[in-house]
Amino acid sequence: MSDTFCLILCWNVQGLHNSACRQTICELATAAKASILCLQETKVSSFDPPLARETTGAVCSSWFSLPADGTRGGIAIFWNPDVVCITNLTLHRFSISATVMLLRSGLAFVLSTVYGLAEDALKPEFLQEMKYLGPPPRP
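Per the UniProt record's numbering, the very first residue in the sequence shown carries number 1; after that it's consecutive.
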């Protein structure tokens with residue numbers, strides 16, 4: 001495996017309240033040896049260690065989450081602290097952003113995981129946030 005290899009899995013899980021869904025995610029993340037797992041629409045208000053372990057297994061043992069709004073939304077980033085260091089975690093209304101550094105190579109990049117609600121009234125705010133997350137305009 002390359003020193004700069006970092007497998008990132010992203011999945012709109014449409015809720016984690018079903019144990020079969022959590023088991024499927026765990027099996028896939030484990031089989032793929034994911035370094036980072038980004039989940040959207042978790043519908044979870046807060047993760048505790050047992051829920052995180054059941055969802056991702058032992059490999060991605062660190063996490064940060066944006067709570068769901070009732071039964072809507074929710075975003076989480078899980079990572080393997082033996083492979084990557086995640087810093088500068090930033091919560092926004094529709095996203096989580098972080099600086100990721102691969103421990104073996106020192107390669108760093110910014111990762112954002114996003115979930116936009118389907119409500120038309122929120123779309124302008126969502127699009128403004130996406131514009132903010134993007135690279136600065138070129139001169």
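Think of the CB as a built atom: it goes at the ideal place given N, C-alpha and C, for glycine as much as any other residue.
Please read all numbers here as calculations on a predicted model, not as lab measurements.
If you check the CB distance, ILE75 and SER46 do not come in under 8 Å. Per DSSP, the unbroken alpha helix (DSSP H) holding THR56 starts and ends at 49–56.
The segment 26–38 makes contact with the segment 49–63; the number of CB pairs closer than 8 Å reaches 3 or more.
Taking the CA atoms as reference points, ARG72 sits about 7 Å from GLU41. The criterion of a C-beta distance shorter than 8 Å is not satisfied by CYS10 and THR90.
In this structure, the alpha-carbon of ASN80 lies about 12 Å from that of ALA52. Distance from the CA of LEU117 to the CA of ALA20, rounded to the nearest whole angstrom, comes to 25 Å.
Shown here for VAL84: same chain residues with a beta carbon closer than 8 Å to its own, the five before and five after excluded, namely CYS6, SER35, ILE36, VAL100, MET101, LEU102, LEU103 in chain order. Judged by DSSP in its simplified three-state form, CYS38 adopts strand.
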